[in-house]
Structure formats: C-alpha cells, structure tokens
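S.K.: Chains R and X, in that order, are what the protein sequence lines are.
Each number in the numbering used here corresponds to the 1-based position in the first sequence with 23 added.
Each number in the numbering used here corresponds to the 1-based position in the second sequence with 47 added.
One structure coming up, written as structure tokens, with questions to follow.
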Amino acid sequence: MTLLERTAADLDGVPAVPAPARAVAARVAPWLAVGGSLALWTLSLPGVQPRAMTSLGLVSVLPATAFVALALLGVSFCVTVWRRPASSALLASHVVALVFMLYALPALVEPTARFAVTWRHAGVLQAILDGSYRDGGSNPYFEWPGFFVLAGFAAKAAGIGSVIGAANWAPLVFDLLYLGPLLLILRTLTIDPRLVWLAVWVFYLGNWVGQDYFSPQAFAYLLYLIVLAILVTWMRPAGWPGSRVRPPVRAALIGIVLFIFAAMVVSHQLTPFALLSSTAVLVIARRCGARGLPAAMTVILLIWLAYMTAGFLGGHSSEIVGGIGHLDTTVGTNVGGRLRGDAGHLFVARARIGLTLCLWAVAFLAALWLRRRGHREPAPLLLFLAPFGLALVQPYGGEILLRVFLFALPFTAFFIASVMRRAPLPVAVAVTLLLTAGFLVTRYGNERMDWFTPGEVRAVDRLDALAPAGSTLVAWSNSLPWEARHYTAHRYRSIVASKAWARIGALPSGSPRQIAAVAEYMRAQKGGAFLVLTRSQAAEVDITGYGPPGSLADVDVGLRRSPAFRRLYANRDASVYGLAPQAGRTP
Amino acid sequence: MSARRVPWAAVVAVAAVAAPVLALAGAPAAVRLPVVLVFLLLGPGMAFVPLLGLGDPVAELTVAVGISLAIDVAVALAMLYAGAWSPPATLVVVAALALGGAALQWVKEARPA
C-alpha cells in the first residue's frame, strides 16, 4: 500500500476538509425551525380567548406569534424541499408538525368538544351500546352503525368514560392516520420523493372541509384512502409499471380490499359509492387488473342495503332517488344556500367557494399541462374526476360538493404540487402562506357558533335532568351541545328547521306575538316541551342570518317576561324554559 | 428501523395478551388506554400482513391499519347483532384472532425455506 493509498484509507468516511460551520448550520436550521415553530405555536395558544371571536372564526383571535409560527414552518418546509437533499425524516417532521398545528388547534384552545353533531354522535354511540337503538329504520345512524360500534367498543375496552372528552383530538388522529395511505398513493404517481411530500403538504393545507371530526365519514375516508392505496400500488395490470406481487399475495390483497370495503359499507352511506366509482373508473381505464372488483363491491353494497337498511331506505326513497340528475338543486343547496349571513360569514363562505374552485381549476389545468409535457399516466386525473359523478346523483343534504372535494383531494394536491415543484422557491413560499391563511379562514370560519362553553354544557345537562323521557326538547337553532345523553329518549327539534319558522321568523324578535307563536309551537309537541337557548345558538342566528344581530337575546328577554313560560335554569351562556301551566288546564 | 426487522409475531402476541388482561383487570387508564388502542389499531393487521411479504414498512403498516379496523368492526358488529355485546369479550375475540395470525407467522418462519 502506498502512502497515498494508506492516507486515503485512513481518511475513508472522514471529510477531507472540516465541515464549514455554515454547512452544519444549514443542516440544523430546518430542525430548529420545526422545533421553534412548534414551541412558538404552543406558547401562543394559552392566551386565545374564544369568546372574543368574530364572524371570521378562530383566525380573529389567534395572536400574531401563531401566524409567525406557521409561516416559519411553511418557509422551512419549502426551503427544505427546494434547496436540500431530501431527507424523509426531516420532511416528515415538517408535515407532522403542520398536522399538529392545524388540526389540534381547537383541542388546545376550546374547553369542550366542538360541533353539535359531535355531541349527537356521542349520543348515538351510547344508544347503540345500551341497545336502545332499534327504532324501525327512521334514523340512518342505526342502519350504518359500524363506526359507532367500533368507537364504543374501543372506548369501553380502553377505559375511556366519555368520548366527548377526547373528541376534539379526533381530527389530529385521523389526519395522522391518513398519512400512510397518502404516501403510498403518491409514491405510485411520481418517483420524486420531494414531490410526494409536497403533495402531502398541499393535501393538509387544502383539507378545509372539516369532515375529520369524530364521525363515520372520517373513519370511512381512512378506509377509502387505504383501499385506493392498495389498488394503485399492487393491482396494476400485468405489463404496467408498479409493484409486482406473487399471485397468491395478489389474491389475498383482493380479499383484503373487499373486507375493508365491507367495513366501510356498514359504517357510512356515501363513501362506498365514492370508492366503487373510483374502482370502476380504474378498471374501465385498464389501470386496475382486478377486473371483478367493482362487481364484487356492488354485491356487498346491495346485500347491506337490501337486508340491513331497508327500513330507512323505504321511508326515504323519494329524498334519495329524487336528487338524481338535479344538478341545479345540488348546486343551489351546496353553494347558494350557504351565501347568506353577516359580512364576516359571507366572507368565509365566499372564501370557501373561491378556494375550492381555485384548487380544482389549478389541479385540472396542471393535469392538462403535465399531459402535454409527456406524462401520459391517466390514473391520477381519473381518480381526481371520478368523485364528481356523485354530485349528479345526490345533493346529500347540501354537502355533496364538500365530500367530492375531499374524495378528490389527494389527486388535487398531487397536481397542484406538480406545478409548485417547478416554480421558483419564492412562488412556492407564497403559495404555502396563501394556502395556510386560506385554511385557517375556511376551516375555522364558523367557530364562533361551533364551539361551546362549559356554561352551555351545564345548561344542557340541566335540561336532560329536567325533561322526562318522551318529552320534546326544543332549541331555537341547531348549534348546541345536546343529544349526547338520552338520544332516543327525547325528540329534538329546532325552531328554525320547523314549518313554524316561516311564521315565527317573520315576527319581531322577542315580541309578545312571536313569544306566543313559540308557545303555540311548543304546546303542539308531544310529551311536553322544553326550550333551551344558548350562546352558540345566538352566534348561529347572528352569523348565518336567521335573524337580526342580537335577536336571540331579545327572544330570551321576551320569554322571561312572558306568563306562558317559566325559566327553569339560567347561567351566563344559556337558559332553559318550560311552558307555564295554562289557566283552567291541569299542568 | 425497518418494519421487517421488527419481530411482529412476538410483538403482536404480547400485545394480544396484554390488552385483554389490562382491560379485564381494570388497569389505570394511563397504561390501559395506549396499549388497547394501539393494539386495536395495528395488532390484528400486523398479525397477518407480514405473511404477505410486502416489504415496504409504510405499506405494511398502512394495510395493517385497514385490516385491523375491519376486523375490529366485524367482530364488534357480530357480537352486537348476536346479542352477545360485551367490550371485554369482543376484545378477547379480536386478541384470539391476532394470536392466530402470530402463530401462522411462527409456523411460516419455522418451515424450512
């Protein structure tokens, strides 16, 4: 061995020149940025006062340091993707930090579970667990009980007393679980790992629709992503690029797909149709070699619908079939119906529509642009377009466009990331910051009515204690933390959703005539009626335009003065009323 | 660490015994909650997925989550509709399935290549 060779061997693995301090700093800086942004974010939140929220939602009460934290993370992620050799651990840490900051926000600043429907889901779960759920098919929750049975089983087995206490963490958990299948799907669309992570980043910044709360659709969406990941990774026909597995393994994976699909079918009404449509599109386009899958999925779906949900479907056939082909109704209920309310709410509603259309338009144009540049693989465009067929079939209670957006989002994100990846760094940073701001406004824009105070929860607890089984519980509007207890023991009604609203809503707020009309409505309810008014309902009335600002406070005053009502409970945030006995009648 | 290097059969077997024992013994939530929830999320799936030899850790864990949740739903729903609803009993059935999968992994590993 020559001296030169020995020296080279001695130095093997040791840099010939000591690493410059700048290089070390460049390697450490993004980790510091992740840690620093998380620390700054966490330190920013204790001072947040939800009560001070305006109609713009949570964004109106976040301190400047919270925005700095998000901006720091976004800039660091873009620089890491653009300027450095891609380290998966570093990119993953940015993404996990982003998911924590965006999706755990309500859990960190709000005292109790948000969303009225979360409380209802807790009530449904309890009703299923205690066996009081067999109601003859009038309630869809009991015809698709998979998620609730799973959640009830897991909560009881794990020793969780009430899912309400943990519900605000559900979005964080679900979105972290989405990461695995997202990575698998995106890896089949590009060999550039940095583009994969950028698309994941855009997915999380774009997921404003908020369907990841404690709900069957959040669970079913996880299964949807997992099945899609299996299909695009291992079910490609022979001769196409993709992971090769032996025939027995492929057969086992087909069985696994059908098993997971069955779990989805028993849990949610819409998601199986979205997955069936995507699978069929892949098979027709010869991008899925398991050609019998759509037929097998259809059989599973029809068996469940025919045998287990016949009661519900029989009673609601006109609503279900009546929407087919009525795209105008779908657009009207999904878009037009949301464009009302005060200035802040209108801004949020327009931002939601604008962001959605903008992301769809950019994604579609990017898909065409990629095709012109020689990217001929049609699978991502087909999977982006497949969910749109659902909008032709069902308005889904005014939510179908939200769901279409969600089902298409992995592929929307992929196309947008493909364009971003080719843009200069400053443009990518600007897009990230814009999407972050858009996310905060659109996702948490209704938060003033979606969050609840402990006082509101106490009032509903009191209502539950006061109202005997079989009575009707009445609220002015829909946003309040009820239905979590005795879900099947009462009828729950909201005045703004009733036929009487046309008359009650037209009368001056809190006027004796309006209060008399409310009393008349309540006397018509079965089993005796109780009325509950809360801060969150007042916010909903103000924000969404059910009445002039402050009108529910006028109603509260009117009820207090009315001899027709008795106030049974009150605190700073809520009041509970019962009907006073009428003269000459036995109470 | 690669998912393939994790001795999944042993890990699943330990979790499949620990989760029902902790649940039936009414162990403190700080111990019981993470063990039971992680087992329900990954245990039944990782009992079977290594048999497929998918190789990629992200792929194995992702498919395992799907299988685990589907098994959890299937067993819990079957118990409910059979009129035998009991979360601890449901957990025992899920754990038994996971132990069966772990045993299959051991059998496969013990078989000469």
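C-beta: ideal position from N, C-alpha, C; glycine also.
Taking CB distances under 8 Å as the criterion, tell me whether X:Ala142 reaches chain C.
M.R.: You won't find chain C in this structure, because its protein chains are R and X.
S.K.: Where does R:Arg595 sit, in a helix, a strand or coil, going by DSSP?
M.R.: coil
S.K.: Where do the N-terminal and C-terminal ends of the alpha helix (DSSP H) with R:Leu276 fall, by residue?
M.R.: Counting along the chain, the alpha helix (DSSP H) containing R:Leu276 begins and ends at 270-288.
S.K.: Look at R:Ala374 and R:Leu362 and say whether their C-beta atoms are less than 8 Å apart.
M.R.: The answer is no: Cβ separation not under 8 Å.
S.K.: Along chain X, in chain order, which residues have C-beta atoms closer than 8 Å to that of R:Thr256?
M.R.: Ala106
S.K.: Please confirm if the segment 107-114 of chain X is in contact with the segment 89-99 of chain X, defined as three or more CB-CB distances below 8 Å between the two stretches.
M.R.: yes
S.K.: What does R:Thr88 pair with, by DSSP beta-bridge criteria?
M.R.: Within the DSSP secondary-structure output, R:Thr88 pairs in no beta bridge.
S.K.: Where does X:Trp153 land, buried or exposed, given buried means 16+ other C-beta within 10 angstroms?
M.R.: exposed
S.K.: At a CB-CB cut-off below 9 Å, which residues of chain R make contact with X:Ala76?
M.R.: Ala181, Gly182, Ile183, Gly184
S.K.: Could you tell me if the beta carbon of R:His509 falls within a distance shorter than 7 Å of some heavy atom in the ligand PLP?
M.R.: With respect to the ligand PLP, the structure shown offers nothing to examine, as it has no ligands at all.
S.K.: For a quick check, are the C-beta atoms of X:Thr137 and R:Phe176 less than 8 Å apart?
M.R.: yes
S.K.: Can you pull out the residues from the segment 233-257 of chain R whose beta carbon lies closer than 9 Å to at least one beta carbon of chain X?
M.R.: For the segment 233-257 of chain R, which is checked against every Cβ of chain X, the residues closer than 9 Å are Phe242, Leu245, Leu246, Leu248, Ile249, Val250, Ala252, Ile253, Thr256, Trp257.
S.K.: Rounding to the nearest angstrom, what Cα-Cα distance links R:Tyr439 and R:Val122 in this structure?
M.R.: Note on residue identity: the sequence assigns Ile, not Tyr, to residue 439 of chain R. Spanning the two alpha carbons is a distance of roughly 19 Å.
S.K.: So, helix, strand or coil for X:Val175, using DSSP?
M.R.: Since the first residue shown for chain X is 48 and the last is 160, residue 175 of chain X is missing from the structure and cannot be characterised.
S.K.: Check whether the Cβ of X:Gly90 lies closer than 8 Å to any Cβ atom in chain R.
M.R.: no
S.K.: Along the beta strand (DSSP E) that carries R:Ala498, what are the first and last residues, could you check?
M.R.: 495-498
S.K.: Indicate whether R:Gly97 and R:Thr455 have their beta-carbon atoms separated by less than 8 Å.
M.R.: yes
S.K.: Can you give the beta carbon distance from X:Val141 to X:Val122, rounded, assuming they're within the 8 Å contact cut?
M.R.: Indeed they touch by this definition, with Cβ atoms about 5 Å apart.
S.K.: Distance, Cα to Cα, R:Val84 vs R:Leu458?
M.R.: 19 Å
S.K.: If contact means a Cβ-Cβ distance below 7 Å, which residues of the segment 555-567 of chain R contact chain X?
M.R.: none
S.K.: Chain X beta carbons: is any one of them nearer than 8 Å to that of R:Phe165?
M.R.: no
S.K.: R:Ser521: which of R:Arg536, R:Ser500, R:Ser532, R:Ala308 sits nearest, CA to CA?
M.R.: When only C-alpha atoms are compared, the closest one is R:Ser500.
S.K.: Could you tell me the boundaries of the alpha helix (DSSP H) in which R:Ser155 lies?
M.R.: That residue, R:Ser155, is in no alpha helix (DSSP H); it is neither H nor E in DSSP.
S.K.: Within 10 angstroms of the Cβ of X:Pro67, are there 16 or more other Cβ atoms? Answer buried if so, exposed if not.
M.R.: buried
S.K.: According to DSSP, is R:Arg590 part of a helix, a strand, or is it coil?
M.R.: Per DSSP, reduced to three states, the secondary structure at R:Arg590 is strand.
S.K.: Mind checking R:Ser111: buried by the 16 CB within 10 Å criterion, or exposed?
M.R.: exposed
S.K.: Does the distance from the C-beta atom of R:Ile208 to that of R:Val255 stay below 8 Å?
M.R.: yes
S.K.: Between which two residues does the alpha helix (DSSP H) harbouring R:Tyr244 extend?
M.R.: 239-257
S.K.: Hey, R:Ala490 and R:His513 are a contact pair by Cβ (cut 8 Å); roughly how many whole angstroms apart?
M.R.: 6 Å
S.K.: Can you check whether the CB of R:Arg481 is closer than 8 Å to the CB of R:Asn594?
M.R.: yes
S.K.: Would a check of beta-carbon distances place X:Ala121 closer than 8 Å to chain R?
M.R.: yes
S.K.: Applying the 10 Å Cβ sphere with the 16-neighbour rule, what's the burial state of R:Glu563?
M.R.: buried
S.K.: Could you pull the DSSP bridge partners for R:Tyr600 from this structure?
M.R.: R:Leu554, R:Arg590
S.K.: Closer than 9 Å by beta-carbon distance: list the chain X residues that pair up with R:Val219, in chain order.
M.R.: Those do not exist, as R:Val219 stays about 11 Å from chain X at its closest Cβ, beyond 9 Å.
S.K.: Cα-Cα, which of X:Ala60, X:Ala94, X:Ala65, X:Leu99 is closest to R:Ala274?
M.R.: Minimum Cα distance to R:Ala274 is reached at X:Leu99.
S.K.: Just to make sure I have the definition right: I need the residues of chain R whose C-beta is within less than 8 Å of the C-beta of X:Leu151. Which are they?
M.R.: Listed by position along chain R, the residues whose Cβ is nearer than 8 Å to that of X:Leu151 form an empty set, because the closest Cβ is around 12 Å away.
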